[in-house]
DNA sequence: GCCCAGGCTTAAA
DNA sequence: TTTAAGCATGGG
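See the structure below:
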C-alpha cells in the first residue's frame with residue numbers, strides 16, 4: 002500500500018509542479034516591505050512569527066483577509082513578541098478584523114504569544130528549534146491550534162518536515178480516488194508521510210501545489226477538468242457535480 | 001441572496 | 001464518539 006501511494010503521490014506531485022511551477026510558500030513580508038509575498042518562506046524570527054500568526058489568521062478564511070490583517074500588524078510595528086504581549090486583546094481584535102472571526106483569533110494569538118513568553122522567555126526563538134514531533138504536541142495543547150494550524154507552523158514557520166492536510170487535500174485525493182470522503186486528518190497525513198521522504202521542502206511545495214490546484218482548477222463547484230494535468234489519473238474526471 | 005474561504009472549540013445527541 | 005452550531009469578514 003505504501004508502495005502504491007509512494008508511486009502515485011509522487012506522480013501527482015511531479016505533474017502539479019510542472020504545471021504550476023514552484024509556489025514560493027509561505028508568504029512573508031520582507032524587511033522594509035509592507036505586505037506578505039511569495040518569495041520562499043521565512044528567513045528570520047520575525048518572519049517565523051509572522052508565518053505562525055498567518056496560520057492562525059487564515060483558519061477557514063481566504064488568504065486575502067489574513068494577509069490584510071498581517072499588514073495591519075506589521076505597519077504598526079507589532080510583529081514582535083513584546084508588542085504582541087502588551088497590546089490589549091480588544092485592540093488586537095480590531096486590527097485583525099479583515100480576517101474574520103476576529104475576536105476568537107485575537108484570543109488565539111494571545112494564547113500562542115503567552116505560551117512562547119512563559120515557556121521560553123527572552124529566547125522564545127528556541128521554540129522553532131524543538132523537534133518537529135515535540136513542537137506539534139506543544140502546539141496542539143493550545144486553545145485555537147488544531148492539526149492543520151500546528152502542521153503549518155511546524156512546516157512553514159520552523160521549516161521542519163510535517164505534512165499539512167486541509168480540506169483541499171481531502172477533496173482532491175477523494176476525487177482522484179485515493180481516499181474516502183470523510184477521511185480523518187491524521188490518517189491521510191500518515192499516508193503522505195509514509196509515501197514520501199521526510200523533506201520539508203518537498204512537503205511544503207506539495208501542500209502549496211495542492212492549494213493552488215484546488216483554488217484555480219479543482220474547485221468545489223465546477224472543477225475545470227478539461228486540460229487538468231491530473232485528469233488521466235482521476236477517478237472522477239468529467240464528472241460534474243454539486244459538492245465533491 | 002447564496003456559497004465559499006489555506007479550522008477549531010464547545011455542546012448536544 | 002459522531003454531529004451541529006457558532007465564530008465573521010469579504011469576494012465571486
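In the working numbering, the protein residues as written are 2 to 245. Backbone N, C-alpha and C fix where the C-beta goes; we use that ideal spot for every residue, glycine too.
{"Item": "Unbroken stretches of the beta strand (DSSP E), 3 residues or longer, contained in the stretch 83 to 166", "Value": "none"}
{"Item": "CB of residue 21 within 8 Å of CB of residue 173, strictly", "Value": "no"}
{"Item": "Three-state class that DSSP yields for residue 32 in the structure shown", "Value": "coil"}
{"Item": "Residue 143 and residue 170 closer than 8 Å at C-beta", "Value": "no"}
{"Item": "Residue 206 and residue 23 closer than 8 Å at C-beta", "Value": "yes"}
{"Item": "Where residue 100 falls, given that 16 or more other Cβ within 10 Å makes a residue buried", "Value": "buried"}
{"Item": "Among 58, 19, 189, 64, the one whose alpha carbon lies nearest that of residue 38", "Value": "64"}
{"Item": "Span of the alpha helix (DSSP H), counted from its first residue to its last, around residue 200", "Value": "Residue 200 -> no alpha helix (DSSP H), and no H or E assigned at all."}
{"Item": "Length of the line joining the Cα atoms of residue 102 and residue 191", "Value": "30 Å"}
{"Item": "Among 222, 13, 187, 177, the one whose alpha carbon lies nearest that of residue 235", "Value": "177"}
{"Item": "Terminal residues of the alpha helix (DSSP H) in which residue 7 lies", "Value": "3 to 21"}
{"Item": "Inter-residue Cα distance where the pair is residue 5 and residue 69", "Value": "42 Å"}
{"Item": "Span of the alpha helix (DSSP H), counted from its first residue to its last, around residue 55", "Value": "46 to 58"}
{"Item": "Spatial neighbours of residue 156 in its chain, beta-carbon cut-off 8 Å, leaving aside the 5 residues before and after", "Value": "162, 163, 164, 165, 201, 204, 205, 208"}
{"Item": "Straight-line gap, residue 76 to residue 34 (C-alpha atoms, nearest Å)", "Value": "9 Å"}
{"Item": "When 43, 84, 61, 131 are compared against residue 105, the one with the closest alpha-carbon", "Value": "61"}
{"Item": "Residue environment, residue 227, which counts as buried when at least 16 other CB atoms sit within 10 Å", "Value": "exposed"}
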